[in-house]
Amino acid sequence: MQNSSKEQKLLFQGKISHVFNSQEYEVTLENGVKLNCHVAGKMKLHHIKIILGDSVKVEMSPYDLSKGRIVYRFK
Numbered sequence: 001m002q003n004s005s006k007e008q009k010l011l012f013q014g015k016i017s018h019v020f021n022s023q024e025y026e027v028t029l030e031n032g033v034k035l036n037c038h039v040a041g042k043m044k045l046h047h048i049k050i051i052l053g054d055s056v057k058v059e060m061s062p063y064d065l066s067k068g069r070i071v072y073r074f075k
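Using the UniProt record's numbering, the letters of the sequence shown correspond one by one to residues 1 to 75.
So, in structure tokens, the structure goes:
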């Protein structure tokens, strides 16, 4: 049986270090790595705003470790 795509995603926590526009951000992970990230579809749908300095959860594909998807903003 093949693993689902959700199981293959890598999850990390980080902080927003630069805002390019309302959907594109630079995130610095806890280990110091910087990623270009975009906002997940459910966050766009519910109009969740992200500002500089917010703590976020980032989902990454194991195939491209330079890009990510912001899936959660911590309160």
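The beta-carbon is built from N, C-alpha and C at its ideal position, and this holds for glycine as well. Predicted model, so just to flag it, every value in this text is computed and none were measured.
Hey, residue i and residue j: beta-carbon distance below 8 Å or not?
i	j	result
residue 15	residue 41	no
residue 50	residue 58	no
residue 24	residue 47	no
residue 12	residue 26	no
Please report how far the alpha carbon of residue i lies from the alpha carbon of residue j, in whole angstroms.
i	j	result
residue 67	residue 8	15 Å
residue 17	residue 28	6 Å
residue 33	residue 72	18 Å
Can you name, in chain order, every residue of its own chain whose Cβ lies under 6 Å from the Cβ of residue i, other than the five neighbours on each side?
i	result
residue 74	55
For residue i, collect the residues of the same chain with a Cβ closer than 7 Å to its Cβ; drop the 5 residues on either side in sequence, then sort them by chain order.
i	result
residue 61	9
Please name the residue or residues paired with residue i in a DSSP beta bridge.
i	result
residue 55	15
residue 36	26 and 67
residue 10	60
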